[in-house]
Amino acid sequence: MRILFLFIGEPHHVFHALPIAAEMAAAGQAIDVAVASADHLRMVEQVALAYPGFAPSVTLLGQKGLARWLRDKGFFRNPRLPMLLDALPFLRQFDAIVVPERTTTSIRHFLRRGTRLIFTPHGAGDRAITFDLRDRYFDFALVAGEKSERRMLDAGTIRPGRYAVNGYVKLDLMPGLQAAREPLFANGRQTVLYAPHFKRELSSWERFGRDIIAWFAGQDRYNLVVAPHVRLFAEASDAERAAVTKLAVPGEILIDLASDRLFDMSYTSGTDIYLGDVSSQVYEFLATPRPCVFLNAHEVDWTGDPDYLFWTLGDVVDDLADLPGALERAPARHPLYADAQRERLAESIGGNPAGAARRGAEAILGFLAKNAGQDKSGG
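Per the working numbering: the sequence shown ends with 391, consecutive numbering throughout.
This is the structure we're talking about:
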């Protein structure tokens, strides 16, 4: 059986799925990997560091055809659908294709008859985007935790017998990569992580971002890491990015718009207080429960809304004038939220993440063995 792990989305998706491939390889299953860019290759190398002996065959896609032309002309940074169409002869070689994104479902009818499409999640947030109708087109899906399982079953995007709850793979991987890391700052201050979402209608960046940086620059109590979702500035001009990064203060304010450290939990594991809006990064931060402050930049009536469940895990600020007080109170108020943080984390990522990649590998291989030789049903 030939199994491909396919990465045509953001490079950080590699951390959420490739450890499953490594566990399959350790169990004796041959694995192929295909990626969309050299940035993805760096992520593959990092995962391989945590799994000595894991050296899969890796194919770099998008090097010719329409995808290459669109990228060279600067029309698209990562032309997913053209890349998939150009790669169809390659993709038709495989019995199963494992992906952490949904665009691949658009080519399902062009694959070889019997090819199984398998989905692995790349986040564990509360927002409804986690529950995509395209998930119905996968033959099998992994689900991080019970919260997602309940909502996806209710939405009809997964079916009994066609999914498994395995935990949060990225958190399973990270201890192997974090051991040798140095502190982010050397001054002994508490460090705040500001992690705004990338969608304008949800993000706090447009309304609050620069004012937040300005406030931190004028005080001497906290360090600040500004680490937005990588897509927030992915399409920005060099001048736009430079205008933001120049606001950094050496040794006190770190601004990172594009480096690999946005993906590898350098910031979510190395800071003391989380400041954000609706990014699922909060659950990576809460792998070790710590104080959180949330920014309601769009005057959302969020109470009772399941898309904002994580806002029950810390104080919520509607007016930036209240931010200094909220940060000052956050450590003392953390005991009010600590139990809820642990409970929400367990629901979102399935409890202890150790072994999540192995459980995912076993579930996928078990499904493929059970369904070998059967005609696909549905989608």
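All C-beta atoms in this analysis are idealised placements derived from N, C-alpha and C, irrespective of residue type, glycine included.
Exercise. Using a threshold of 8 Å, state whether the C-beta atoms of Ser291 and Pro172 are closer than that.
Key: No, they are not a contact pair.
Quiz item: DSSP state of Ala350, grouped into three classes?
Solution: Taken through DSSP and simplified to helix, strand or coil, Ala350 comes out as helix.
Practice problem: Report buried or exposed for Met13, applying the criterion of at least 16 other Cβ atoms within 10 angstroms of its Cβ. | Solution: That one is exposed.
Self-check item: Where the beta strand (DSSP E) through Leu129 begins and ends
Solution: It spans 128 to 131 - the beta strand (DSSP E) in which Leu129 sits, taken as one unbroken run.
Quiz item: With DSSP run on the structure shown, which of helix, strand or coil describes Asp327?
Solution: Strand at Asp327.
Exercise. May I ask you to list the residues that DSSP assigns as paired with Leu287?
Key: In the DSSP assignment, Leu287 forms a beta bridge with Tyr206, Val305.
Exercise. Spatial neighbours of Arg80 within its chain, please: CB distance less than 7 Å, with the 5 preceding and 5 following residues excluded, ordered by chain position.
Key: These residues qualify, in order along the chain: Gly74.
Quiz item: Are Val56 and Leu96 close, meaning C-beta to C-beta below 8 Å?
Solution: No.
Exercise. May I have the straight-line CA-CA distance separating Leu103 from Pro23, to the nearest angstrom?
Key: If you take the alpha carbons of Leu103 and Pro23, they lie about 20 Å apart.
Quiz item: Ser278 to Arg193, Cα distance in whole Å?
Solution: Taking C-alpha positions only, Ser278 is separated from Arg193 by approximately 8 Å.
Practice problem: May I ask which residues mark the beginning and end of the beta strand (DSSP E) holding Asn235? | Solution: Looking at the DSSP string, the run of the beta strand (DSSP E) that includes Asn235 is 234 to 238.
Self-check item: Ser216 classed as buried or exposed, judged by whether at least 16 other C-beta atoms fall within 10 angstroms
Solution: Around the Cβ of Ser216, a 10 Å sphere holds 16 or more other Cβ atoms; the residue is buried.
Quiz item: Using 8 Å as the threshold, is the region 178 to 188 in touch with the region 351 to 367, meaning 3 or more CB pairs across them?
Solution: Under the three-pair Cβ rule at 8 Å, the region 178 to 188 counts as touching the region 351 to 367.
Practice problem: Could you check the C-alpha separation between Leu244 and Arg212 for me, to the nearest Å? | Solution: Approximately 8 Å, taken between the alpha carbons.
Self-check item: Simplified DSSP assignment, three categories, for Gly391
Solution: Low confidence applies here, because Gly391 scores a pLDDT of 41, under 50, leaving its location unreliable and the question unanswered by this model.
Self-check item: Residue span of the alpha helix (DSSP H) that contains Phe242, given as start and end
Solution: This sequence places Val at residue 242; Phe is not what is there. Where Val242 is concerned, there is no enclosing alpha helix (DSSP H), given that its DSSP letter is neither H nor E.
Quiz item: So, are the CB atoms of Leu274 and Val242 less than 8 Å apart?
Solution: For the 8 Å CB-CB criterion, Leu274 and Val242 form a contact.
Quiz item: Sorted by chain position, which residues of the same chain lie with C-beta nearer than 6 Å to Ile119's C-beta, five sequence neighbours on each side aside?
Solution: These residues qualify, in order along the chain: Leu96.
Quiz item: Between the beta-carbon of Ala338 and the beta-carbon of Val329, is there less than 8 Å?
Solution: In contact: Ala338 and Val329 (Cβ atoms closer than 8 Å).
Quiz item: Which residue's Cα is closest to the Cα of Leu183: His28, Arg162, Asn90, Leu145?
Solution: It is His28 whose Cα lies nearest to the Cα of Leu183.
Practice problem: Evaluate the contact criterion for the region 152 to 161 versus the region 347 to 359: three or more CB pairs, one atom per stretch, below 8 Å. | Solution: The region 152 to 161 vs the region 347 to 359: in contact.
Quiz item: What are the boundary residues of the alpha helix (DSSP H) that Ile224 is part of?
Solution: For Ile224, the uninterrupted alpha helix (DSSP H) run begins and ends at 222 to 229, by DSSP.
Quiz prompt | Limits of the alpha helix (DSSP H) - the one that Val5 falls within | solution = Outside the displayed span of the chain (13 to 391) sits residue 5, for which this structure offers no information.
Quiz prompt | Three-state secondary structure (DSSP) of Ile170 | solution = Three-state DSSP puts Ile170 in coil, outside helix and strand.
Self-check item: 6 Å Cβ shell around Leu380 - same chain, five flanking residues per side excluded
Solution: Here the set comprises Ala108.
Quiz item: With 16 as the cutoff for other CB atoms within 10 Å, does Pro112 come out buried or exposed?
Solution: By the Cβ-count criterion, Pro112 is buried, with 16 or more other Cβ atoms from all chains shown falling within 10 Å of its own Cβ.
Exercise. My understanding is that Gln202 touches Tyr234, with C-beta atoms under 8 Å, so please give their C-beta distance in whole angstroms.
Key: Confirmed, about 5 Å.
Quiz item: Within this structure, are the beta carbons of Gly288 and Tyr206 separated by less than 8 Å?
Solution: Yes. Within cutoff.
Exercise. Using beta-carbon positions only, say whether Phe197 and Gly263 come within less than 8 Å of one another.
Key: Yes, the Cβ-Cβ distance between Phe197 and Gly263 is below 8 Å.
Exercise. Figure out for me which residue from Ala260, Leu298, Glu374 has the closest Cα to the Cα of Glu355.
Key: Shortest Cα-Cα distance from Glu355 to any of Ala260, Leu298, Glu374 involves Leu298.
Quiz item: Which two residues bound the contiguous alpha helix (DSSP H) that contains Val181?
Solution: Element bounds for Val181: 181 to 185.
Exercise. Compute the Euclidean distance between the alpha carbons of Gln41 and Asn383, then round it to the nearest angstrom.
Key: Their Cα atoms are separated by approximately 17 Å.
Quiz prompt | Same chain, Cβ closer than 7 Å to Ala62, neighbours up to 5 away in sequence not counted | solution = Contacts found: Leu185, Gly188, Leu189.
Quiz item: Rounded to a whole number of angstroms, what is the C-alpha to C-alpha distance between Phe322 and Glu252?
Solution: Rounded to whole angstroms, Phe322 to Glu252 spans 31 Å at the Cα level.
Quiz item: Three-state secondary structure (DSSP) at Ala140?
Solution: Its pLDDT being 45, under 50, Ala140 is placed unreliably by the model, and the measurement read from it follows with that caveat. In this structure, Ala140 counts as helix in the three-state DSSP scheme.
Quiz item: Cα separation between Gly21 and Phe131?
Solution: One C-alpha to the other measures close to 13 Å.
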